[in-house]
Structures are given as structure tokens and as C-alpha cells.
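Participant: Encoded as C-alpha cells, here's the structure I'll be asking about.
Protein chains: 2
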Amino acid sequence: MPKQLRLNAFDMNCVGHIQHGMWRHPRDQSRRYTDIDYWMDLARTLERGLFDGIFLADILGVYDVYRGDGDTSIRESVQIPVNDPLLLVPAMAAVTKHLGFGVTCNLTYEAPYTFARRMSTLDHLTRGRIGWNIVTGYLDSAARGMGDQKMIGHDDRYDMADEYMEIVYRLWEGSWQDDAVRNGRDAGPYADPAKLHRVRYEGTRYKVDALHLSEPSPQRTPVLYQAGASTRGRRFAAKHAECVFLAEQSKRALAATVADIRAQAAGAGRDAAEVLMFQLATVVVGRTEKEARDKLEDYRRCSSVEGALAHFSASLGIDLGGYALDEPIRHVKTDANNSFMDAITRRTESTWTRRRIMDQVVLGSRWQPTVGSAEQVADALIEIMESTGIDGFNLSRTVMPECVEDFVDLVVPVLQERGRYKSGYETGTLREKLYGAGRARLPACHPAAAVRVESR
Amino acid sequence: MPKQLRLNAFDMNCVGHIQHGMWRHPRDQSRRYTDIDYWMDLARTLERGLFDGIFLADILGVYDVYRGDGDTSIRESVQIPVNDPLLLVPAMAAVTKHLGFGVTCNLTYEAPYTFARRMSTLDHLTRGRIGWNIVTGYLDSAARGMGDQKMIGHDDRYDMADEYMEIVYRLWEGSWQDDAVRNGRDAGPYADPAKLHRVRYEGTRYKVDALHLSEPSPQRTPVLYQAGASTRGRRFAAKHAECVFLAEQSKRALAATVADIRAQAAGAGRDAAEVLMFQLATVVVGRTEKEARDKLEDYRRCSSVEGALAHFSASLGIDLGGYALDEPIRHVKTDANNSFMDAITRRTESTWTRRRIMDQVVLGSRWQPTVGSAEQVADALIEIMESTGIDGFNLSRTVMPECVEDFVDLVVPVLQERGRYKSGYETGTLREKLYGAGRARLPACHPAAAVRVESR
């Protein structure tokens with residue numbers, strides 16, 4: 001069987017996500033993000049399209065680098081307002097059976113003790129369908145919200161994250177043995193205290209001495225996602241991530257990043273092929289190529305270049321509004337953040353100008369959409385997968401929920417005809433759907449396995 | 001119209017809540033607490049019974065005072081394992097239209113910036129049905145989970161809570177003006193930056209400088225619950241709480257506490273009658289008194305005295321296992337915690353012995369159940385309300401969900417016949433259901449109103 005293409009919807013609990021200005025389109029319903037029915041309907045549509053999951057981004061703070069304030073972000077709704085993503089999961093889980101949930105949570109501002117319980121709770125309520133996109137945040141405006149002046153340094157955040165992972169692994173994998181819960185069988189106890197273990201950890205930043213509050217959930221550790229393409233971010237991904245979210249601008253760069261992370265994963269003793277790679281894709285599809293091109297032009301009228309500049313300025317840490325149109329942009333902060341923006345950050349050189357950036361903006365972002373008939377789109381996606389070694393795509397939203405419905409109704413059947421897409425879901429947890437039956441828990445080669453009580 | 005009786009179901013995202021051992025009953029389904037369908041079914045039943053809300057308790061940490069460890073709590077499942085309560089709300093909201101949600105969240109371990117967003121998100125998703133039971137926690141075992149050695153002092157926690165409230169009020173009420181969101185009308189912005197205001201606060205413990213991340217939700221500030229009956233807790237309730245949860249052991253004590261908190265609220269410039277008082281009630285009802293008595297005996301066979309002692313020891317901060325059966329219990333730590341346990345804590349004197357405590361335990365707790373036919377139970381509840389000035393009850397769970405179904409099917413119709421219970425829900429948010437149409441937001445006399453931008 002040829003390699004199957006995996007799909008996540010890429011979304012966020014807010015009005016404007018990546019394709020800035022699309023919310024102004026007359027048919028767009030993104031402004032219904034506060035409406036629980038909007039999300040439940042979306043979940044049903046994604047499950048109808050056999051999507052592996054919905055990947056929910058998140059940000060704390062406001063993009064306030066452009067023109068020195070957050071005004072453009074507020075006017076264009078560039079990820080502000082933004083609501084908590086975790087609270088969407090139970091509502092979407094209530095109306096689906098198979099859809100996975102990859103949720104971005106910033107570990108910098110969550111204590112491991114309470115965060116571990118939150119994820120265990122979701123793993124229980126979703127019957128093993130929860131994933132966690134590990135981020136450490138990068139905005140000074142978020143740091144100020146938390147009482148600090150500035151965000152701590154990029155690489156320091158990853159060191160802190162390694163420590164954090166060690167603790168949550170112990171809570172998830174090492175506090176309750178598999179046979180700890182007796183559930184009152186034979187008039188016995190609910191749980192056997194001898195099979196519960198206090199997690200004691202004292203590191204540079206964290207100190208914990210506690211039992212995990214939740215009993216073992218189907219997956220214990222949520223499926224781990226990572227989205228940072230910086231040097232340090234890749235090293236972190238190679239060690240911890242099961243799924244990596246990439247946003248490279250060319251197939252060549254994508255293939256190189258995929259190969260690099262896989263090589264590092266193998267070097268860390270992991271099965272490199274099992275580190276699944278998802279590339280960002282923005283799709284505009286029609287029943288014919290002409291219909292797709294017309295749709296692109298229609299959408300494009302809403303594209304917000306100002307929104308794109310506000311977003312990109314924050315990602316770069318450079319106020320693009322402070323440059324004349326053709327002035328070279330010199331002060332490039334590299335390795336500045338751990339979001340998927342890294343991919344372009346690293347490539348931004350002094351030959352760039354604001355005009356060049358603005359010219360690249362289509363549908364409110366610098367990522368170029370894949371446009372065409374269902375057959376053209378399907379073939380383009382398959383070709384990217386084949387030529388780069390990725391496993392699938394995170395589909396960016398344009399006009400919602402129309403773009404998802406179009407993909408499900410038009411592209412999915414062609415992918416299926418091509419033998420590249422499942423005709424039904426596998427049973428089991430999200431991790432089993434990704435790796436096969438019997439794989440609900442992390443494999444022995446993953447660092448989390450080392451803290452299991454049974455294996456001590 | 002005679003005073004209407006209000007009802008909350010009192011529950012927790014765990015196996016064993018207050019009536020210890022009930023989970024062992026053959027018909028009890030509490031062990032399904034990890035099953036999302038269990039909670040959705042419960043929500044539907046409560047809405048069928050026109051309950052005002054479900055009040056969800058929470059605890060961080062393990063009750064490990066009794067016999068010097070947590071083993072009894074683990075065996076009897078005394079609030080361990082315990083999952084996050086907030087994540088139940090979206091699932092229950094998905095299948096209901098009117099049921100309110102009062103959720104316990106410990107402010108000690110949540111940053112105000114991220115917590116405020118979490119509650120705003122829930123207020124949006126529930127269309128204005130969220131409430132917050134403000135607690136500060138009291139367990140050293142939770143403090144150790146968070147990297148501290150001991151819980152900070154009781155009154156210090158309330159001072160910290162006052163500061164915390166000031167910040168979240170500013171985020172909820174003072175960051176976005178009512179007319180800030182233009183939603184793109186007339187091709188304009190999503191929101192007007194001139195109508196957003198950064199919250200700048202620097203106190204003893206907290207420092208914040210940020211915009212609130214969420215746009216105004218139906219209620220802005222969630223309906224505020226408080227459950228501490230200590231001297232300092234009452235002062236806090238009189239200042240902040242809209243609903244107070246009491247667990248007094250006698251009608252005399254209950255009437256005195258109600259009068260005291262109302263007097264303090266009036267002294268703080270608030271409308272005392274609008275501070276709504278809910279008393280804990282445990283009901284066992286049958287179609288006849290005999291059926292109820294038989295049911296009590298049936299349930300009682302599962303009562304866990306050990307579970308009750310483990311729970312009570314933690315509440316007192318005294319290891320009751322360290323006393324001989326008839327030895328007077330002398331070292332009473334008063335004002336020790338801010339939970340509803342305060343009511344008994346303050347009254348525990350040296351004439352108490354372990355035997356006396358154990359003799360009082362019925363259905364796994366020291367609270368005496370109200371037992372009888374539907375008419376007897378209804379009349380007893382009405383009489384308590386009339387004689388003490390309370391507004392309603394938080395109904396403790398026994399055998400689940402049978403006890404809720406019994407109450408809905410048997411007691412609710414009698415309360416309605418007596419003219420003491422609504423025959424349908426009012427429209428609007430939870431706060432409007434409690435106080436009337438047009439009252440979605442906190443009134444001008446509440447301290448939160450002082451930080452509104454419009455009123456500055």
C-alpha cells in the first residue's frame with residue numbers, strides 16, 4: 001500500500017488565525033468562535049472527512065511590535081481576542097468518536113503538577129484522543145501579563161522545557177502503576193497505595209513532591225507535538241516529539257529539515273520513521289481549476305496585508321513598520337522563537353524589504369496557497385509528501401468553515417481514489433491511530449518510558 | 001409568591017466525594033467519572049429537574065493527615081484520584097441550555113492573567129452560565145506538589161485572594177469597553193484599540209501589565225461563589241460573593257451565619273438580600289417513608305467510616321488515628337481552612353472523641369441526611385429555608401445518579417405543588433436567572449463595578 005497521507009485541521013480559538021483578513025469575507029463564520037455549536041459542527045465535518053485531528057494553536061500576549069503597539073493586531077484581529085483552546089476539546093469530543101486533538105499549551109506559565117492533571121483529565125474524557133503541542137512562548141507582552149518584564153531567553157526556555165518534560169513524564173508514567181486501580185474488585189480498595197509512587201524532583205527551576213492526582217488514562221502521556229524549527233527546537237523535537245509541525249517555504253528546505261530531525265531522532269535512539277512530519281498547507285480548491293482561481297480572487301479581496309505585517313513583525317521581533325518600503329531589513333533576530341515562524345525567521349536576510357514581504361502576501365499571509373481542482377490539489381499534496389518525506393499536512397483555514405467543507409467534499413475522495421487516504425478510522429486511541437493497534441502508550445525507546453515504575 | 005427554593009447539585013470530578021464509600025454500592029456509577037457520557041447524562045437529568053446549577057468541588061493534593069499518610073484516602077477513594085473540574089463544563093454545556101456551572105478553582109496556583117482567560121472562554125462557550133467558587137486551598141500536600149514546603153497561612157491566603165480579585169475584576173470588567181468590539185461593521189476594524197485598556201497592577205504578590213485576551217463575555221465576571229465560614233472567610237464572602245455555600249450542622253448555627261454574612265455585606269454597601277445562601281443537604285427519598293428508610297439502610301451498608309475519618313482528619317489538620325477511641329481530642333486547629341469544613345472545625349472542642357465522631361458518621365460523612373417520603377423531604381427543606389433565611393441547597397450525592405433521579409422525579413414535583421419551585425427556567429445568563437432579566441453583569445454596588453472603564 002502506498003504511504004497514506006495524514007491530515008490535521010490547523011485552527012485557533014480566535015477570529016483571525018494565520019490568513020489575516022479572511023474573517024471579513026461575507027461567507028466566513030470565524031467570528032462565531034465563541035459559539036460552542038460552531039466548534040461542534042466543525043468537529044463533525046472533520047470526522048466526516050476522516051481527519052486525523054484538529055491542531056489548535058494558541059498564543060498568550062498581543063502582537064505589539066509592528067508600529068510599536070498592538071493597534072493593528074486589534075483592528076485586524078490578528079490572534080486577538082484569543083480564547084483558551086483546551087476548553088474546546090470536551091465539546092468537540094462530545095460529538096465525535098475518532099477525531100484527535102492536538103492542543104498548544106505554553107508550559108512557561110503552567111505548573112507541571114496542575115497541567116499534568118488537566119491533560120490526564122482530557123485523555124480520560126476523550127478516551128485517549130488528546131495530544132499536546134509543546135510550546136514555551138516568545139512574547140514579551142505575555143511575560144508582562146505574568147508579572148515579568150521580558151520573556152526569558154530562547155535556549156533557556158528549552159532547557160526549562162526539558163526539565164518540565166521530565167516532571168510531567170514522571171507524573172503521567174511513573175506515579176500510578178498499571179495495576180494500581182483495583183476499582184473495588186472483591187470488596188477491595190479503589191486503589192492500592194503500595195502501587196502509587198510519589199514523584200520527587202528537584203531541578204534548577206522546578207521542584208515537585210507529589211502523587212499524580214489522576215489515575216492512568218488511556219494514553220497516559222498525551223501524543224506529543226512540537227513546532228519549533230530552530231536549532232534548539234529541532235533537538236527538542238528529536239528527543240520528545242511524536243509529531244512535528246513544519247512550515248517551510250520550499251520543498252528543498254522541507255526535505256532538509258525532515259532529514260535533519262529524523263537523523264537527530266535516530267541519534268537519540270528513537271525510531272526515526274515514527275517521528276511524523278506535518279507541513280503547513282493552505283488549500284483553495286474548486287470543482288474546476290477555474291472555479292478555484294475565481295475563489296482565490298474572491299478570498300483575496302479580503303486579504304489583510306497590515307495584519308500579515310503585524311503578525312510577521314512580532315515573529316521576527318522587528319518592527320517592519322519602521323522601515324521605508326524599499327529599505328533593506330537588517331536587524332534580523334534569528335532563532336528568536338519556537339513557533340512555526342522559525343522557518344522564515346531563519347531565512348530572512350538583509351536583501352528583504354517591506355515591499356518584497358508585502359508582495360508575497362496572499363490571503364493575509366506569506367505562505368503561498370495550493371490552488372486548483374480537486375485532482376490538482378490532491379496530486380500536489382501527494383507529490384510534496386513523496387519528495388520531502390513528510391507524513392501529512394496541517395491545513396490552514398481560509399474562509400470558514402467553507403474551506404474545510406470544500407476539502408472534505410472535493411479533495412478527500414480524490415486522495416482516496418489515489419489510494420493515499422484511509423476509507424475509515426482505525427480503532428483505538430490517537431496514538432494507536434498513528435502507530436497501530438496496541439500502541440496506546442509511548443514506546444520503550446522514548447525518554448518517557450524510562451520513568452515508568454514497572455521498568456525501574 | 002412565596003420564596004422560591006434554589007437547587008444546585010454538589011458534585012466533584014472523582015469517585016468518592018463527601019459520602020465516603022457510596023461508590024461501592026452495586027447501583028452506584030461514580031466510577032464512570034472519566035466517561036464524558038456520564039457527565040452529559042447527568043447534566044440532562046439536572047436540567048430536566050430545573051436545577052439552577054451544578055456546583056463542582058475540587059481539591060489539589062491528597063488527604064494524608066490520617067495515620068500519617070494518604071493510604072486510607074487512596075483505598076477508600078477519598079477525593080483521590082481527582083480530575084480537573086473545569087473540563088467537564090463544555091461537555092455538559094453542549095447538551096443543556098439553562099443549567100448553571102459553579103466551579104471550584106484554587107487561585108493560589110493559577111496566574112490571574114491565564115485564569116481570567118479560562119473563565120471568559122467558559123462564559124462565552126456556555127453563553128453566560130459560568131460561576132466560580134473562589135478557594136485558596138489548604139493542603140500542605142498540594143503545596144509540595146507546587147514546589148513549596150507548606151501551605152501559606154490562612155489569613156495571608158485571603159489577603160492574597162483580595163489582591164487576586166482586584167486583578168481579575170480589572171481584566172474582566174476594565175480591559176475591554178462594552179463598545180470595543182465593532183466586529184467589522186461598515187468595513188471597520190474587528191475591535192477599536194482606543195476602547196481597550198491595559199490592566200496595570202502592582203501589589204504585594206502580583207504584578208500584571210496586560211490587555212485581557214478575551215473580548216467581553218455575556219457575564220464578564222463569572223457568578224462568584226464562596227464557601228469559607230471562618231471569620232476571615234465570611235468577611236471575604238461579604239465583600240465578593242454572590243452565592244455562599246454553607247455546611248452548618250444545626251438550623252440555629254445556620255441562621256446565625258446567614259445573618260452575620262448578610263450584616264457584613266450590608267456594611268460593605270451591598271444589597272444583603274442578594275447574597276444568596278445555599279446549605280449543604282444530603283437527601284434520601286422514597287415513594288414512602290418506609291421506602292426511604294429501607295434505602296438509607298441499603299446505602300448505609302456501604303458507608304466508609306475510615307474514609308470519613310481520613311477526610312475529617314485533613315479538614316481538622318489533626319490525625320484522628322492517633323487518638324484512642326475515647327481519648328478527648330484536644331489539639332484543635334481552628335480557622336484552619338477555607339472549605340465548607342470550617343463550620344465543624346470551629347465547633348470541634350475537647351469534649352470530642354474519635355468514638356463520638358465515628359458514631360455520627362452516616363453514609364460516609366458526619367452530615368446527617370434528610371430521609372423520608374417526597375412530601376416529608378420537601379417540607380423539611382422548605383422549613384429549613386423559612387427558619388434560617390437561606391435561599392436553597394447544594395445537594396450532596398449519595399448513590400449516583402440514582403439519588404439525583406430520585407430527587408428530580410419525587411421531590412421536585414412536590415416542591416412545585418407547594419409553590420416553592422419554578423416550573424420552568426427564566427431566560428438569560430446564570431446571573432439573570434438568579435437576579436432577574438437585565439442583570440447579566442454585576443451590580444454597581446459590587447467592588448468589581450468600580451474598575452469598569454465606563455465608570456472611571
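For the record, the sequence lines run as chains W and V.
The opening position of the first sequence corresponds to residue 1 in the numbering used here, with each subsequent residue numbered one higher.
The opening position of the second sequence corresponds to residue 1 in the numbering used here, with each subsequent residue numbered one higher.
From the three backbone atoms N, C-alpha and C, an ideal C-beta is built for every residue, glycine too.
Indicate the three-state DSSP secondary structure (helix, strand or coil) for K251(V) in the structure shown.
Facilitator: helix
Participant: Over the uninterrupted alpha helix (DSSP H) stretch that includes F407(V), give me the two end residues.
Facilitator: Looking at the DSSP string, F407(V) is not in any alpha helix (DSSP H), and its letter there is neither H nor E.
Participant: So, is the C-beta of Y479(V) closer than 8 Å to a C-beta in chain W?
Facilitator: Nothing can be reported for residue 479(V): it is not among the residues displayed for chain V, which extend from 1 to 456.
Participant: Suppose the cutoff is 6 Å on Cβ atoms and the five residues either side in sequence are ignored; what does the same chain contact list for G49(W) look like?
Facilitator: V408 and V412
Participant: Within a Cβ cutoff of 6 Å, which residues of the same chain sit near Y201(V), ignoring the five residues on either side of it in sequence?
Facilitator: Contacts found: I167 and V208.
Participant: Can you find a C-beta in chain V that's less than 8 Å from the C-beta of T204(W)?
Facilitator: no
Participant: Use the C-beta contact count for G436(W): other C-beta atoms within 10 angstroms, 16 or more gives buried, fewer gives exposed.
Facilitator: The residue in question, G436(W), is exposed, as its Cβ has fewer than 16 Cβ neighbours within 10 Å.
Participant: Quick check on I18(W) - is its C-beta less than 8 Å from some C-beta in chain V?
Facilitator: no
Participant: Under 7 Å between beta-carbons, which chain W residues line up against V15(V)? List them in chain order, please.
Facilitator: Y190
Participant: Give every residue of the same chain whose Cβ lies closer than 6 Å to the Cβ of M160(W), excluding the five residues on either side of it in the sequence, and list them in chain order.
Facilitator: R205
Participant: Just tell me which of E163(W), E173(W) and Q19(W) has its CA closest to the CA of A450(W).
Facilitator: E173(W)
Participant: Run through DSSP, which three-state label would D342(W) get?
Facilitator: Residue placement at D342(W) is poorly supported in this model, since its pLDDT is 43, which falls under 50; the coordinates are not used for a value here.
Participant: Does S339(V) have its Cβ less than 8 Å from a Cβ in chain W?
Facilitator: With a pLDDT of only 40 at S339(V), under the threshold of 50, the placement of this residue in the model should not be trusted; the figure read from the coordinates follows. Output row for S339(V): interface = no.
Participant: Which chain W residues sit within Cβ distance under 7 Å of V223(V)?
Facilitator: Ordered by position in chain W, no residue passes the 7 Å Cβ test against V223(V), which lies about 17 Å from the chain.
Participant: Looking only at its own chain, which residues have a Cβ that is under 7 Å from the Cβ of H446(W), when we skip the five neighbours before and after it?
Facilitator: R270
Participant: Can you check which of these residues, Y169(V), D71(V), R439(V) and R157(V), is closest to L309(V) by C-alpha distance?
Facilitator: D71(V)
Participant: Using the C-alpha atoms, what's the distance from Q4(V) back to R420(V)?
Facilitator: 5 Å
Participant: In terms of residue numbering, what span does the alpha helix (DSSP H) encompassing V62(V) cover?
Facilitator: Going by DSSP, V62(V) is part of no alpha helix (DSSP H) at all; its letter is neither H nor E.
Participant: Does the beta-carbon distance from T388(V) to L254(V) come in below 8 Å?
Facilitator: Contact: yes.
Participant: Please list the partners that D84(V) has in chain W, where partner means a Cβ-to-Cβ separation under 7 Å.
Facilitator: R117, R118 and T121
Participant: Compute the distance between the beta-carbons of E402(W) and R27(W), then report whether it is under 8 Å.
Facilitator: yes
Participant: Based on the DSSP secondary-structure assignment, which residues constitute the bridge partners of Q226(V)?
Facilitator: I134(V) and V244(V)
Participant: Who are the near neighbours of A265(W) in its chain, counting only those whose CB is closer than 7 Å to its CB and skipping five residues on each side?
Facilitator: Closer than 7 Å at the Cβ level, and outside the excluded window around A265(W), lie A238, A272 and V275.
Participant: List, in order along the chain, the chain W residues whose C-beta lies closer than 9 Å to that of M385(V)?
Facilitator: Under the 9 Å cutoff, chain W gives no residues; its nearest Cβ is about 34 Å from M385(V).
Participant: Select from the stretch 419-431 of chain V all residues with a C-beta closer than 9 Å to any C-beta belonging to chain W, and list them in chain order.
Facilitator: none
Participant: Which residue comes first and which comes last in the alpha helix (DSSP H) that contains K97(V)?
Facilitator: Counting along the chain, K97(V) falls outside any alpha helix (DSSP H), and DSSP gives it neither H nor E.
Participant: Would you say V208(W) lies against chain B (beta-carbon separation less than 8 Å)?
Facilitator: Checking the listed chains, one finds no chain B in this structure; the protein chains it contains are W and V.
Participant: With distances taken between CB atoms, is the gap from P85(V) to N13(V) smaller than 8 Å?
Facilitator: yes
Participant: With distance defined between alpha-carbon atoms, name the residue in I18(W), G16(W), N8(W) and Y169(W) nearest to L441(W).
Facilitator: In the sequence as presented, Leu is not what sits at residue 441(W); that position holds Arg. It is Y169(W).
Participant: By the three-class DSSP mapping on this structure, what secondary structure does P2(W) have?
Facilitator: coil
Participant: Just reading off the alpha helix (DSSP H) that G307(W) is part of, what are its end residues?
Facilitator: V305 to L316
Participant: Pair every Cβ in the stretch 349-359 of chain V with every Cβ in the stretch 388-397 of chain V, then say whether three or more of these pairs are closer than 8 Å.
Facilitator: no
Participant: Within 8 Å, do at least three Cβ pairs link the stretch 237-252 of chain W to the stretch 212-220 of chain W?
Facilitator: no
Participant: Please confirm whether N133(V) has its beta-carbon closer than 8 Å to some beta-carbon of chain W.
Facilitator: no
Participant: At least one CB of chain V closer than 8 Å to the CB of V451(W): is that the case?
Facilitator: No, because no Cβ of chain V sits closer than 8 Å to the Cβ of V451(W).
Participant: Within the stretch 344-397 of chain V, note down every full alpha helix (DSSP H) run reaching 4 residues or more, in order along the chain.
Facilitator: 354-360 and 374-388
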